[in-house]
Amino acid sequence: MSIIRLNKAAYIHNLTKILDKVGDKNRVILILKDNAYGHGASIISDVASELGFGFCAVKNEIEASEMVNKFSKILILSHIVNGDENSKYIYTINDMDAIKNIKSGTKIHLAIDTLMHRNGIGVDEILTALNLVKKRSLILDGAFTHFRSASELNADYFVQKQNFANAKILIKKWADENGLKTPMFHSHNSAGFERVHKLHDESVRVGMVQFGYTQFDENFDLKPVLSLYAHRLSKRLLRAGQSVGYGAKYTATNDINIATYDLGYADGLFRYDGYKELILANQNKILGTMSMDSFSTLDVGDEVCVFDDARVWAKYFNTIEYEILVKLSKDIRRVWV
Ligand SMILES: *Cc1c(COP(=O)(O)O)cnc(C)c1O
1 MSIIRLNKAA
11 YIHNLTKILD
21 KVGDKNRVIL
31 ILKDNAYGHG
41 ASIISDVASE
51 LGFGFCAVKN
61 EIEASEMVNK
71 FSKILILSHI
81 VNGDENSKYI
91 YTINDMDAIK
101 NIKSGTKIHL
111 AIDTLMHRNG
121 IGVDEILTAL
131 NLVKKRSLIL
141 DGAFTHFRSA
151 SELNADYFVQ
161 KQNFANAKIL
171 IKKWADENGL
181 KTPMFHSHNS
191 AGFERVHKLH
201 DESVRVGMVQ
211 FGYTQFDENF
221 DLKPVLSLYA
231 HRLSKRLLRA
241 GQSVGYGAKY
251 TATNDINIAT
261 YDLGYADGLF
271 RYDGYKELIL
281 ANQNKILGTM
291 SMDSFSTLDV
301 GDEVCVFDDA
311 RVWAKYFNTI
321 EYEILVKLSK
331 DIRRVWV
């Protein structure tokens, strides 16, 4: 059976690097959405909470329910408002309608649209939004924004920082006038977190850096946490001239010992089509097309490491490591090593 090994020392190393820069666990929101970026929400959150991190963010109520008892604060990012929100969670307000329709008394973080135009309240709508928050007796626990291109060197990051600074002034003033505590502010995702110098009045909201992949600063010392292994299902001698797999995309030029391993595109891997070489962690190539539940390669024994750095596959498939990792099937067993 295929297996995902999670390097505990690497995860702790990355969390320590985050903490070194932020200085305070209470100012870190760990993003554990989508099965903790494919790493396994349950197993990852056990360690994060043991280490004393108390605030996580997830996608929806189903994910949030798996975090209860581990974190004292759970922020839901992509909840579709239905008026039946749970008082155990904090809900992101993604537009004005959400303020109108969310259950009265619910704890919220207000998303502010500072340029990305994906979610959030526009800076010019903030006062209207805040007055509605008050009218609906919602509890404003936080306000945040999201950078659209923090990993790229252009002006957007600075424009958004300035827009968010203006938003913070408005919110702080409103809170003061209403005798409320200033809500917590956060804007930095992983790339933003790497490039920021001083956080001042903000918390961070980090996903991928936890798992060991830098987004902006190559010198930021992080260690990939996840490695993926497949196990040998069968082996055989492939004779010169014989081909393996669908469509006969690989033909042996001399006799070789090959094996078929138990991971395929049904397990969340991208389907390798057998054309341009795709190199596994042991430097061997996948031979022929990948099947739904298996692939073939040189026989390297009972187990083969498919990758220990998701960037190899991301580069090959012209995508980002997020997509390679997050698609890994929940059914693959995950263990700490
Ligand atoms: C997923 C997500 C993050 C985390 O992004 P990383 O690049 O993984 O750090 C932060 N904020 C929001 C709103 C998100 O949806």
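Take 1 as the starting number for the sequence shown in full-length UniProt numbering and just add one per residue. We put the beta carbon where it would ideally sit given N, CA and C, even for glycine.
Terminal residues of the beta strand (DSSP E) in which residue i lies
| i | result |
| --- | --- |
| MET184 | 184-188 |
| SER2 | First-last for SER2: undefined, no H or E at that position. |
| VAL28 | 28-31 |
Status (buried if at least 16 other CB within 10 Å, exposed otherwise) for residue i
| i | result |
| --- | --- |
| ARG205 | buried |
| SER333 | Checking the sequence shown, residue 333 turns out to be Arg, not Ser. With fewer than 16 Cβ atoms within 10 Å of its Cβ, ARG333 is classed as exposed. |
| VAL244 | buried |
| ASN94 | buried |
| TYR246 | exposed |
| PHE158 | exposed |
| GLY52 | exposed |
| MET292 | exposed |
| ILE62 | exposed |
| GLY288 | buried |
| GLU177 | exposed |
| MET208 | buried |
| TYR275 | exposed |
| ASN14 | buried |
| MET1 | exposed |
| HIS39 | buried |
| SER45 | buried |
| VAL335 | exposed |
| GLN160 | buried |
| LEU153 | exposed |
| GLN162 | exposed |
| GLU202 | buried |
| LYS168 | buried |
Sequence-distant residues of the same chain with beta carbon closer than 6 angstroms to residue i, five excluded per side
| i | result |
| --- | --- |
| LEU138 | THR106 and ILE108 |
| PRO224 | GLY212 and ASP309 |
| PHE270 | PHE317 |
| LYS33 | VAL58 and LYS59 |
| THR145 | ILE112, THR114, PHE164 and SER187 |
| PHE193 | VAL204 and VAL206 |
| LYS135 | none |
| PHE220 | GLU194 and THR214 |
| residue 338 | There is no way to answer for residue 338, as the model of the chain reaches only from 1 to 337. |
| PHE216 | SER151, ALA191, GLU194 and ARG195 |
| ILE324 | ALA310, TRP313 and ALA314 |
Where the alpha helix (DSSP H) containing residue i begins and where it ends
| i | result |
| --- | --- |
| TYR11 | 8-22 |
| VAL209 | Segment: none, VAL209 is in no alpha helix (DSSP H) and carries neither H nor E. |
| PHE177 | Here the sequence assigns Glu to residue 177, which means Phe is not the residue at that position. Looking at the DSSP string, the run of the alpha helix (DSSP H) that includes GLU177 is 156-177. |
| GLU50 | 41-50 |
Neighbourhood of residue i by C-beta distance below 7 angstroms, restricted to the same chain and skipping five residues each side
| i | result |
| --- | --- |
| LYS330 | ASN35 |
| PRO183 | LEU140, ASP141, GLY142, ALA143, ILE171 and ALA175 |
| SER78 | LYS59 and ASN60 |
| ALA237 | With the sequence shown as reference, residue 237 is identified as Leu, and Ala is not the correct amino acid for it. Excluding sequence neighbours, LEU237 sits near ASP255 and ASN257. |
| ALA64 | VAL58, ILE74, ILE76 and TYR89 |
| ASN101 | VAL81 and GLY83 |
Bridge-paired residues (DSSP) for residue i
| i | result |
| --- | --- |
| HIS109 | THR92 and GLY142 |
| VAL204 | VAL28 and HIS188 |
Own chain partners of residue i with C-beta closer than 8 angstroms, once the 5 adjacent residues on each side are dropped
| i | result |
| --- | --- |
| VAL337 | ARG5, LEU6, ASN7 and LYS8 |
| CYS305 | SER227, LEU228, TYR229, LEU280, ALA281 and ASN282 |
| SER234 | ALA259 and THR260 |
| SER42 | GLU66 |
| ILE320 | ALA314 |
| ALA266 | MET292, ASP293 and SER329 |
| ALA240 | ALA252, THR253, ASN254 and ASP255 |
| SER72 | GLY54 and PHE55 |
Any chain C beta carbon closer than 9 angstroms to residue i
| i | result |
| --- | --- |
| ASP255 | Checking the listed chains, one finds no chain C in this structure; it contains a single protein chain. |
Minimum length 4: unbroken alpha helix (DSSP H) runs contained in the stretch 111-150: 126-135
4-residue-minimum alpha helix (DSSP H) runs that sit fully inside the stretch 52-101, ordered along the chain: 61-65 and 96-101
What are the complete beta strand (DSSP E) segments, minimum 3 residues, inside the UniProt domain "Alanine racemase C-terminal" (225-337)? 226-238, 256-261, 295-298, 303-307 and 333-336
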